[in-house]
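These protein sequences, in sequence, are chains S and R. Adding 115 to a residue's 1-based position in the first sequence gives its number in the numbering used here. Adding 115 to a residue's 1-based position in the second sequence gives its number in the numbering used here. Ideal Cβ placement from N, Cα and C applies to all residues, glycine included.
Protein chains: 2
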Amino acid sequence: MNRVYNFSAGPSMLPLPVLEKAASELVCYGESGMSVMEMSHRSPDYEAIIADAESMLRKLMNIPDNYKVLFLQGGASTQFAAVPLNLIGRTGKADYVVSGQFSGKAFKEAQKMGYDVKCVATTKDDNFNHIPTVTKDMIRPDASYVHVCFNNTIYGTKYSYIPDTGDVPLVADMSSCILSEPVDVSKFGVIYAGAQKNMAPAGVTVVIVREDLLEYADPKMPTMLEWKIMAENGSMYNTPPCYSIYMLKLVAEWLLSIGGLEEMAKRNKEKCALLYDYLDSQNYYVAPVLEGSRSMMNVTFVTGNADLDKKFASDAAKAGMKNLKGHRSVGGMRASIYNAMPREGVEALVAFMKKFAEENPKA
Amino acid sequence: MNRVYNFSAGPSMLPLPVLEKAASELVCYGESGMSVMEMSHRSPDYEAIIADAESMLRKLMNIPDNYKVLFLQGGASTQFAAVPLNLIGRTGKADYVVSGQFSGKAFKEAQKMGYDVKCVATTKDDNFNHIPTVTKDMIRPDASYVHVCFNNTIYGTKYSYIPDTGDVPLVADMSSCILSEPVDVSKFGVIYAGAQKNMAPAGVTVVIVREDLLEYADPKMPTMLEWKIMAENGSMYNTPPCYSIYMLKLVAEWLLSIGGLEEMAKRNKEKCALLYDYLDSQNYYVAPVLEGSRSMMNVTFVTGNADLDKKFASDAAKAGMKNLKGHRSVGGMRASIYNAMPREGVEALVAFMKKFAEENPKA
C-alpha cells in the first residue's frame, strides 16, 4: 500500500483509520451476517447506524434541539433548488450574496425558477479574492432568507464572521468547511453541505434546518426535495444513501476520538498556517486571496507563469502530492487541506514548494 | 465471517466476490494511491471507472446508441417527480398504470405537481394481486408518456409482457427487476431504477432515456433533476455518487463474468421455480399472486394465520434466513431473491418452509 497526499478539492482524503475500519467490516458488519451495503434501511442494525450518525453530528457541532438533521441525496447543487422551494413561501422573495462560483450557481438557480431574488453583495469584480462585507441594512427586511456560501472552494476564501441578518434567516452552504472548526449553529436558519470534503464519500448531503422553517414549502414541489417530509420520516421517506451515512458515522466517530471540533480546528489552523506563513515569507509564489478572507481548507497560490504552474502540479504529482492544479477560474495551484489531510502532507508540500522555487527560477 | 441469507426487499444482497473485491481495494485502488471514495470525480482514474460502469451496463442490457445512460441520485422516488418535469412538456398530459404502491406514488406525485394525469388501469380492487392488462386503446393518444412499474416489490408481481403503447413513450420503473433478465430497451422511452436491489448499494439511480425525449424539460425545473443537463455533462454536472457507481461497475463486471443477463435469467428462473413449485404443491402456504403475474424477484406467501406468519419470520431469522417478513400491505412473508441470492439460499428456505409446516400444524 502506497498512499499519496491527495490535495483534491473534493471528493478528497478520508482519515486512514476510517478507511481501514470500513475495509475490515465491509463484507460482514459485526454480528449482522451482512455488509452495511446490504442492510435493509428499516433493520435494527441500520437504524442504529443512522441514529449514531445523527447523534454524533449533533454532539460534534453542538446542534440545538430545535434543529432537524437530514441526510439527503443530490449534493449541494440539489439544495440550490431545494432552498427556495422550501423557504421562499415565507415572504415570496430572497437575497443572495455571491462570493464565488457556487454561490453564483445557487443565485442563478433561484432566478431560473422564476423567483424574486436579489444579489445584495458580490466580489465578482475582484475575481472573488475576498469575502464581501454583509451588513443588515443591505438585506431586504422582508426577504425569506439570505443565502451565503461560507467557504469558497474554488477561490480559497471563507467568511471570518457570521453576517448579522437580523430576523431574516441565514442559509449557508458549508460544503467545504463543515466540521473544520466549531460554528454557532444557532446563528443560522439552515446549514447544508455535500459530504465529500469533510464528512464522507460523495453521495450524502447534510441539511441542518431550524424547525420553524419547515412550514413554507411550495405545495407543488418534488416531494423528495421537501425538508419537512424528510424530517418527519427521519430521512427515510425512501431508501437513504445508507453506506455514505455509515461512512459519515465513522468519520464523526474519528473526530470525537481526537477531541472534537476544537482539536480539529487547532490542527487545521496549524496546517494552513504552515502554507500561508511560507507564502507570505517569499516572492516566488503569490497567494491571491486578501488577508481576512483566507480559507483554512483551500489554499490557492500562483507562480504568475502558466507554464511553471503546470510544471508544479505535474512534478508534485510525481512526488506523491496529487491534485494540486487550481480551478481554471483562478489558475495556478490549489491545495485543499481538509480535516483528513495530515500535517505531514502539508509539511511535504511546503518543502516541495521551496525546492521547486529553487530549481525553477523565473526568467 | 458468518454470512446469512438476506431476503431483504432492498437494500439487499450483493455478490460475495464483489464485496470481497471492494474490501480488498477500499483503502488503496490499484496504483492510484487512494481509495475510490477519495478520488476527484474529474480524475483519469475515476473517469475510467464511470466509463466502464456505463459501457458494461450498455453491453449487459444491449442498450441502443440513441439512448443516454445517466447515474443520478435520489432514488426512484425522485424520478417520480423528474419524469413529469422532463416529459410532460411534450403534450401537457400523461397516463399512469397503477399496479402497486410505488406506481401509485408515482401517479400521486405527478397529480400533486398539478399536471393533467390519468390512471388508465389499476388492480387496486384486487389488492394488486396481478398486473393489469394494458392495451393501446386505453391510452390517450396525445399522452406525453405512459408510466408503469415493471416489478412490484411489495406485492410480488411483474409484467410478463411489454405493453404496446403505440407512439406514446413507455416509461418504466424497473428498480426491482433491472438486470434480472434481458429486456428489449428499444420498446421503452425511459427506464429508471434505484440501484439497491440488483445493481449496487443504495445511493445511485440509473436512468436510461431515448435521446429525442430530452427536449421537453420544464424550463423552471430544478437543474439537478433535468436529464438533458445530466446527459450533456456525463452525469457529472456536480459530484456524482462516485462510490456507488464504482460498486455498480463491480456488479456489472460480475454479471458479465458469469455470462450476462441470459445466464442470470436462467438462474433466476430456476431459483424462483424452486419456491413457486413448492408453493403450488401444498396447502399450508398460499401464494396470493395470480399466475401470469408472478415476480421472479419477490415471492410473496402467507400461512393465513398472522401468528404463524410472525413465528415463521422469527424462526427463519434464527436459522440464518433474514428479512422474510412481508410488507404490511400484504402481510405474511416475502422472499426477495435478487440476482445475488445464491440458489443455496432458496433451497435452504424451501427446506425450512417444509420443516416449519410440519412442526407448526394449523389448529
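Hey, could you find the ends of the alpha helix (DSSP H) residue i is sitting in?
i: residue 218 of chain S; result: 216-227
i: residue 197 of chain S; result: 190-202
i: residue 359 of chain S; result: 357-373
i: residue 344 of chain R; result: 342-347
i: residue 427 of chain S; result: 421-433
i: residue 172 of chain S; result: 159-176
i: residue 468 of chain R; result: 458-474
i: residue 136 of chain S; result: 131-139
Measuring alpha carbon to alpha carbon, tell me which residue in the options is nearest residue i.
i: residue 417 of chain R; options: R:257, R:432, R:278, R:400; result: R:400
i: residue 466 of chain R; options: R:280, R:436, R:345, R:405; result: R:436
i: residue 189 of chain S; options: R:340, R:207, R:212; result: R:340
i: residue 225 of chain R; options: R:199, R:368, R:240; result: R:199
i: residue 284 of chain R; options: R:270, R:274, R:258, R:299; result: R:258
i: residue 298 of chain R; options: R:312, R:281, R:274, R:255; result: R:274
i: residue 137 of chain R; options: R:402, R:403, R:364, R:370; result: R:364
i: residue 211 of chain R; options: R:414, R:421, R:182, R:280; result: R:280
i: residue 324 of chain S; options: S:336, S:334, S:303; result: S:303
i: residue 63 of chain S; options: R:246, R:476, R:356, R:477; result: Outside the shown range of chain S, which is 116 to 478, sits residue 63 of chain S, and nothing can be said about it.
i: residue 246 of chain R; options: R:277, R:255, R:227, R:229; result: R:277
In whole angstroms, what is the alpha-carbon distance linking residue i and residue j?
i: residue 238 of chain R; j: residue 272 of chain R; result: 11 Å
i: residue 214 of chain R; j: residue 192 of chain R; result: 16 Å
i: residue 427 of chain R; j: residue 207 of chain R; result: 49 Å
i: residue 377 of chain S; j: residue 296 of chain S; result: 6 Å
i: residue 329 of chain R; j: residue 345 of chain R; result: 10 Å
i: residue 291 of chain R; j: residue 314 of chain R; result: 10 Å
i: residue 250 of chain R; j: residue 289 of chain R; result: 20 Å
i: residue 379 of chain R; j: residue 422 of chain R; result: 36 Å
i: residue 347 of chain S; j: residue 158 of chain S; result: 18 Å
i: residue 236 of chain S; j: residue 420 of chain S; result: 31 Å
i: residue 162 of chain S; j: residue 146 of chain S; result: 15 Å
i: residue 336 of chain R; j: residue 228 of chain S; result: 7 Å
i: residue 425 of chain R; j: residue 234 of chain S; result: 59 Å
i: residue 451 of chain R; j: residue 371 of chain R; result: 22 Å
i: residue 447 of chain S; j: residue 474 of chain S; result: 18 Å
i: residue 472 of chain S; j: residue 338 of chain S; result: 54 Å
Determine the contact status of residue i and residue j, defining contact as a CB-CB distance below 7 Å.
i: residue 354 of chain S; j: residue 197 of chain R; result: no
i: residue 127 of chain R; j: residue 453 of chain R; result: yes
i: residue 301 of chain R; j: residue 264 of chain R; result: no
i: residue 184 of chain R; j: residue 175 of chain R; result: no
i: residue 287 of chain R; j: residue 306 of chain R; result: yes
i: residue 152 of chain S; j: residue 129 of chain R; result: yes
i: residue 202 of chain R; j: residue 320 of chain R; result: no
i: residue 260 of chain R; j: residue 308 of chain R; result: no
i: residue 389 of chain R; j: residue 402 of chain R; result: no
i: residue 262 of chain R; j: residue 221 of chain R; result: yes
i: residue 398 of chain R; j: residue 123 of chain R; result: no
i: residue 269 of chain S; j: residue 216 of chain S; result: yes
i: residue 178 of chain R; j: residue 361 of chain R; result: no
i: residue 134 of chain S; j: residue 444 of chain R; result: no
i: residue 461 of chain R; j: residue 148 of chain S; result: no
Output the boundary residues of the beta strand (DSSP E) element that contains residue i.
i: residue 309 of chain R; result: 305-309
i: residue 396 of chain S; result: Per DSSP, residue 396 of chain S belongs to no beta strand (DSSP E) and is neither H nor E.
i: residue 320 of chain R; result: 320-325
i: residue 282 of chain S; result: Note, residue 282 of chain S: premise wrong, no beta strand (DSSP E); not H, not E.
i: residue 317 of chain R; result: No beta strand (DSSP E) contains residue 317 of chain R, which DSSP labels as neither H nor E.
i: residue 205 of chain R; result: It is not in any beta strand (DSSP E) - residue 205 of chain R carries neither H nor E in the DSSP assignment.
i: residue 245 of chain S; result: Run containing residue 245 of chain S: none; DSSP gives neither H nor E here.
i: residue 415 of chain S; result: 413-416
i: residue 294 of chain S; result: Unbroken run through residue 294 of chain S: none, as it is neither H nor E.
i: residue 183 of chain S; result: 182-187
i: residue 262 of chain S; result: 261-264
Using a Cβ-Cβ cut-off of less than 8 Å, give me the residues of the stretch 348-361 of chain R that come near chain S, in sequence order.
352, 353, 354, 355, 356, 357, 358, 359
Between the stretch 290-307 of chain S and chain R, which residues of the former have CB atoms less than 9 Å from a CB of the latter, in chain order?
none
Closer than 7 Å between beta carbons: that is the criterion. Which residues of the stretch 452-472 of chain R meet it against chain S?
none
Could you please tell me which residues of the stretch 233-253 of chain S, in chain order, have their CB closer than 7 Å to any CB of chain R?
none
Can you pull out the residues from the stretch 326-347 of chain R whose beta carbon lies closer than 9 Å to at least one beta carbon of chain S?
334, 335, 336, 337, 338, 339, 340
Compile a chain-ordered list of the residues in the stretch 126-144 of chain S whose CB is closer than 7 Å to at least one CB of chain R.
126, 127, 128, 129, 134, 135, 137, 138, 141, 142, 143
Give the residues from the stretch 309-320 of chain R that approach chain S closer than 9 Å (Cβ to any Cβ), ordered along the chain.
309, 311, 315, 316, 317, 318, 319, 320
Using a beta-carbon distance cut-off of less than 7 Å, what residues from the stretch 210-235 of chain S approach chain R?
224, 227, 228, 229
Closer than 8 Å, Cβ to Cβ, to anything on chain R: give me those residues from the stretch 154-166 of chain S, in chain order.
154, 155, 156, 158
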